[in-house]
Structures are given as structure tokens and as C-alpha cells.
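Student: Questions regarding the structure given below will be posed in turn.
Residue numbers (the working numbering): 828 to 918.
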């Protein structure tokens with residue numbers, strides 16, 4: 828399975844979107860021969876591993892068309908993965 832990186836997404840964002848867990852980023856990085864800390868450019872096509880990490884969160888992201896993207900301020904620092912509306916659902 829392939830996944831195209833969206834603007835503002837880190838490997839952790841893609842991992843949560845596709846597998847429901849940031850821990851999947853280790854397998855994504857390994858499968859694509861990149862560092863876990865690398866921030867792929869928007870439009871990059873990544874090969875996804877064939878594994879499951881958190882089925883409930885994975886289904887939630889797919890069912891609700893959630894595409895996490897790490898927020899950035901003017902300095903480029905990452906602030907958060909999800910907005911307040913997501914936090915209300917998963918308190």
C-alpha cells in the first residue's frame with residue numbers, strides 16, 4: 828500500500844493517520860529507507876507496512892477523513908498533531 832504525504836505531515840502524522848499510532852513511524856521509516864526524524868515533502872509517496880498498531884484509532888481516522896498535520900508557528904516549531912475537536916473525542 829502507498830500513501831502520499833500531505834502538506835505539514837511528519838512521519839508521525841502519517842503513522843497516526845494510517846495506523847492509529849505514532850509507533851508505526853518506525854516501520855514506515857524502515858520500509859522507505861529514511862530516518863524517523865526526516866520530514867518528507869508534501870507529495871512524497873511512501874510505501875506502508877502491512878501491520879496493525881491501533882485498529883480503533885486507525886478506523887476513526889479513516890471513517891472521519893482525519894489527516895493529522897503537525898501545526899507550526901512562524902519559527903517552524905511543531906506545536907501539536909490534532910486540534911481541539913479531536914481532543915474532545917479522545918479524552
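Ideal Cβ positions, reconstructed from N, Cα and C, are used throughout, including at glycine.
Between residue 865 and the rest of its own chain, which residues show a CB-CB distance below 8 Å, the 5 nearest in sequence each way excluded?
Tutor: 838 and 856
Student: Taking a contact to mean a Cβ-Cβ separation below 8 Å, would you say residue 884 touches residue 835 in this structure?
Tutor: no
Student: Contact defined as beta carbons within less than 8 Å: I believe residue 870 pairs with residue 832. What is the distance between those atoms, to the nearest angstrom?
Tutor: For a cut-off of 8 Å, the C-beta gap from residue 870 to residue 832 is around 7 Å, short enough to register as a contact.
Student: Which residue marks the beginning of the beta strand (DSSP E) containing residue 872, and which one marks its end?
Tutor: 872-874
Student: Rounded to a whole number of angstroms, what is the C-alpha to C-alpha distance between residue 887 and residue 828?
Tutor: 19 Å
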